[in-house]
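One structure is given below, encoded as structure tokens.
Residue numbers (this note's numbering): 10 to 260.
This is the structure we're talking about:
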């Protein structure tokens, strides 16, 4: 559709090239693909239900911790795209995360920033196991038990070190902003309060340079804290509008 063409004009060229491959599908083929995708999701839910029924039949359900999640999302036609791939729209990052704790505790719904990196520490704490390994993530048990640690994160960080034949990305998500540093192309900035579908890229608008600089600073700072290997003066980071030195200015 023409709307896809218009919405991609301010995006990295790789996004447009990826979308152009899917333009071969007709509207009817897009609809049929969505139907198949949702049907398979229903099938996965049914299979997981069989696991839960087996736990109940064995008498283990009440004292078992159950975790249901996915490793990534799918564009399902959003922005004219399918699969996951490199485009850094949030629909590829949003996944279900449903946890049942032992003992029949009352369920809670949380909206804090949670990462797949949190589930390792969560399972270790639930099992009473101490690990000498430093984790980027944090245990979710306080959130699952209705608490909110005072030092809980106010942003999520993502990275791609290349996806098959293309791309290095570093990105950050806050309540308001989604910023993506594209090492292979120009950057992306979306105001999620005004543009939750990430349709208008604000990265080239001079009015948002202070926001972009702040996002870059946070990305590089996070990288230094977690021994990121990309924070050097090689050409990939030299292409960034604001380099890793930002994170050291006030340290």
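The C-beta atom is built at its ideal place from N, Cα and C for all residues, glycine as well.
Note that the coordinates shown come from a computational prediction; the quantities given were computed from them, not determined experimentally.
Would you mind listing the beta strand (DSSP E) stretches within the region 105-168 that are 3+ residues and don't spill past its ends, in chain order? 106-109
Is the CB of residue 110 under 8 Å away from at least one CB in chain C? No chain C is part of this structure, which consists of one protein chain only.
If you pair each beta-carbon of the region 65-79 with each one of the region 114-123, do three or more pairs fall below 8 Å? no
Leaving aside the five residues before and after residue 24 along the sequence, list all residues of the same chain whose C-beta is less than 7 Å from its C-beta, in chain order. 17 and 96
Verify whether the separation of the beta carbon atoms of residue 211 and residue 200 is less than 8 Å. yes
With H, G and I counted as helix, E and B as strand and the rest as coil, what does DSSP make of residue 257? helix
Which of helix, strand or coil DSSP assigns to residue 188: strand
Residue 221 and residue 250 look like a contact to me (Cβ under 8 Å); what is the Cβ gap, rounded to whole Å? 7 Å
Do you know how far the Cα of residue 131 is from the Cα of residue 68? 24 Å
Specify, as a first and last residue, the run of the beta strand (DSSP E) that residue 180 falls within. 178-182
Shortest alpha-carbon distance to residue 223 belongs to which of 254, 207 and 55? 254
Which residues mark the beginning and the end of the beta strand (DSSP E) in which residue 76 is found? 75-78
Can you check which of these residues, 109, 99 and 181, is closest to residue 227 by C-alpha distance? 181
Measure the Cβ-Cβ separation of residue 89 and residue 124 and say whether it is below 8 Å. no
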